[in-house]
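Asker: Below: one structure in structure tokens.
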Amino acid sequence: MSDTILHGYWRSSASYRVRIALNVKQVDFAQVTHDLPAGDQRAPAYLAIAPHGLVPTLEHGGATYLESPAIIEWIDATWPEPPLLPAAAGDAAMVRAMAALIACDVHPLNNLRVLTRLRSQFDASNAQVKDWITHWIGEGLFALEQLIARHGGRFAFGDAITLADCYLVPQIYNAERYGVDLANFPRAHAAAEAARALPAVAAAHPEKQPDFQ
Ligand SMILES: N[C@@H](CCC(=O)N[C@@H](CS)C(=O)NCC(=O)O)C(=O)O
């Protein structure tokens, strides 16, 4: 087995981010998959390496890395080419801001455990949960659209793929999954399409993963 092991799930957007980063860097990795709807992420064997009970986790050379933002920055530092952050500090801050807008302001609100809690504590219906999900995706994409208008090029930031695209592509996948009208976010959609056209990014697609059902 490869020295680099990604614990993930085909539909997990945080895992999808890491798969994109690994593929862009052409890192050979193996996958251990955990069925999230079945609750495998809370199995004692997995909690022993990932106490937060979430995917992704990356194992490499005897070390374990948690949290996709930390994992992706570690990947970028370990395999520098091609860089996922621009050289200028101000540009890198904007790329990180785009990523954080998705990772901190949208994704946690729509995570499986949050949606499960909406149903169990507040008796939310499927329609209400879908409304919740699409609301937060819409808020995030609205803000991102303005940032891409200012800083985007072929991709979310400029003309080279960056860390921002690692986050944008899975978020657009989720938007499509829940029927968000991407005509309202043409720049974000176009940037994601440009990234998805790259073979390395295409190979990270959920439906290309070994546990895709
Ligand atoms: N901040 C974490 C979030 C990880 C996360 O929320 N993972 C989701 C899948 S995308 C998960 O494992 N959900 C399982 C659950 O909610 O029980 C990261 O970026 O790695």
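So for the sequence shown, our numbering puts the first residue at 709; every next one is plus one.
Every residue, glycine too, gets a C-beta built ideally from N, C-alpha and C.
At what residues does the alpha helix (DSSP H) containing V837 begin and finish?
Answerer: That run of the alpha helix (DSSP H) goes 834–859.
Asker: Return the Cβ separation of D919 and Y717 in integer angstroms, given the expectation that the two are a contact with Cβ distance under 8 Å.
Answerer: The pair is a contact, with the Cβ atoms about 7 Å apart (cut-off 8 Å).
Asker: Measuring CB to CB, does H897 end up less than 9 Å from L906?
Answerer: No, the Cβ-Cβ distance between H897 and L906 is not below 9 Å.
Asker: For ligand 1, any of its heavy atoms closer than 8 Å to the Cβ of T824?
Answerer: Because some heavy atom of ligand 1 lies under 8 Å away, the Cβ of T824 counts as near it: yes.
Asker: Can you name, in chain order, every residue of its own chain whose Cβ lies under 6 Å from the Cβ of N882, other than the five neighbours on each side?
Answerer: Closer than 6 Å at the Cβ level, and outside the excluded window around N882, lie S721.
Asker: Check whether the Cβ atoms of P794 and T870 sit closer than 9 Å, and answer yes or no.
Answerer: In this structure, T870 lies closer than 9 Å to P794 by Cβ.
Asker: Which of the three DSSP states is assigned to E915 in this structure?
Answerer: Looking at E915 - three-state DSSP - the assignment turns out to be helix.
Asker: Let me check understanding here. Comparing Cα to Cα, which of I880, P745, G769 lies closest to D711?
Answerer: The residue with the shortest Cα to Cα distance from D711 is G769.
Asker: Leaving out the 5 sequence neighbours to the left and right, which residues in its chain are closer than 8 Å to R848 when beta-carbon positions are compared?
Answerer: Contrary to the premise, residue 848 reads as Gly rather than Arg in this sequence. Once the five neighbours on either side are set aside, the close Cβ partners of G848 are L809, I810, D813, V814, Q879.
Asker: Suppose the cutoff is 6 Å on Cβ atoms and the five residues either side in sequence are ignored; what does the same chain contact list for A830 look like?
Answerer: Here residue 830 is Phe; the residue named in the question, Ala, does not match the sequence. Closer than 6 Å at the Cβ level, and outside the excluded window around F830, lies no residue.
Asker: With hydrogens ignored, establish whether the beta-carbon of H815 is closer than 8 Å to any heavy atom of ligand 1.
Answerer: H815: yes, Cβ under 8 Å from ligand 1.
Asker: How is the beta strand (DSSP E) around L774 delimited, first residue to last?
Answerer: Element bounds for L774: 771–774.
Asker: Between I779 and ligand 1, is the CB less than 8 Å from at least one heavy atom?
Answerer: True, at least one ligand heavy atom lies under 8 Å from that Cβ.
Asker: How about L762 and N818: are their beta carbons less than 9 Å apart?
Answerer: No, the pair does not count as a contact, with Cβ atoms beyond the cut-off.
Asker: Which residue comes first and which comes last in the beta strand (DSSP E) that contains T765?
Answerer: 765–768 is the extent of the beta strand (DSSP E) around T765.
Asker: Tell me the residue span of the alpha helix (DSSP H) that contains H760.
Answerer: Unbroken run through H760: none, as it is neither H nor E.
Asker: Just to check, is the beta-carbon of G860 closer than 8 Å to a non-hydrogen atom of ligand 1?
Answerer: Result no, Cβ not under 8 Å from ligand 1.
Asker: Find the nearest neighbour of R719 within the set D799, A868, H742, judged by alpha-carbon distance.
Answerer: The residue with the shortest Cα to Cα distance from R719 is H742.
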